[in-house]
Structure formats: C-alpha cells, structure tokens
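Asks: If you read the sequence shown in the working numbering, its first letter stands for residue 1148, the second for the next number, and so on. We treat Cβ as the ideally placed atom computed from N, Cα and C, and that holds for glycine. Nothing here was measured: the structure is a model prediction, and the numbers come from that model.
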Amino acid sequence: YWHLWRYNHALIEEGKNPFSLDSKEPNWADFHDFLLGEVRYLSVKKAYPNEAEELFAEAQRMAQLRYKSYVRKTQENWEN
C-alpha cells in the first residue's frame, strides 16, 4: 500500500501546512489478499504458513501506523 502525498515547501511561507495526503484510507480488510497477490509473499506463505501469517499481521499493523502518521502530519498547525 503506497500512499500518494505531496510536500510543498513554499506553503510554509504562507503559514500553511506543506504536507498533503492525496490517498484515501485503504480498505484494511483487503490487505491480506493484497499481499497474497504478490508472488514474493505467496511464496513465503507456501513455504512457512504459520510464520507468514505472523509477518503479514505485523506488516498490516505497520502499514496502518504509517498511514495514521501521514494523516496526523496533514493535521499539523503551521500558522505563524
């Protein structure tokens, strides 16, 4: 899950937040299926099914944290 964001340094001079997030929130229920659509992750699941599920759960947790950090960044106050 790659998120689209922009950073415009010139907005700082205007007292505006230079960070904007263009992506909508992902459907986290589809994250597992998304991973299994990638050959590299499917190979891990076939070779190490139990370990793969733990890794996939951790990958989803980290992806959610990363998305939340982007959302927080868009809400920062940049007024002078």
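Just the C-alpha distance for TRP1149 and ASN1224, rounded to the nearest angstrom, thanks.
Replies: 25 Å
Asks: What's the C-alpha gap between ASN1164 and LYS1215?
Replies: 17 Å
Asks: Using CA atoms only, rank isn't needed, just tell me which of LEU1151, GLU1185, HIS1156 and GLY1184 is closest to GLU1172.
Replies: LEU1151
Asks: Note the first and the last residue of the continuous beta strand (DSSP E) segment covering LEU1168.
Replies: 1166–1168
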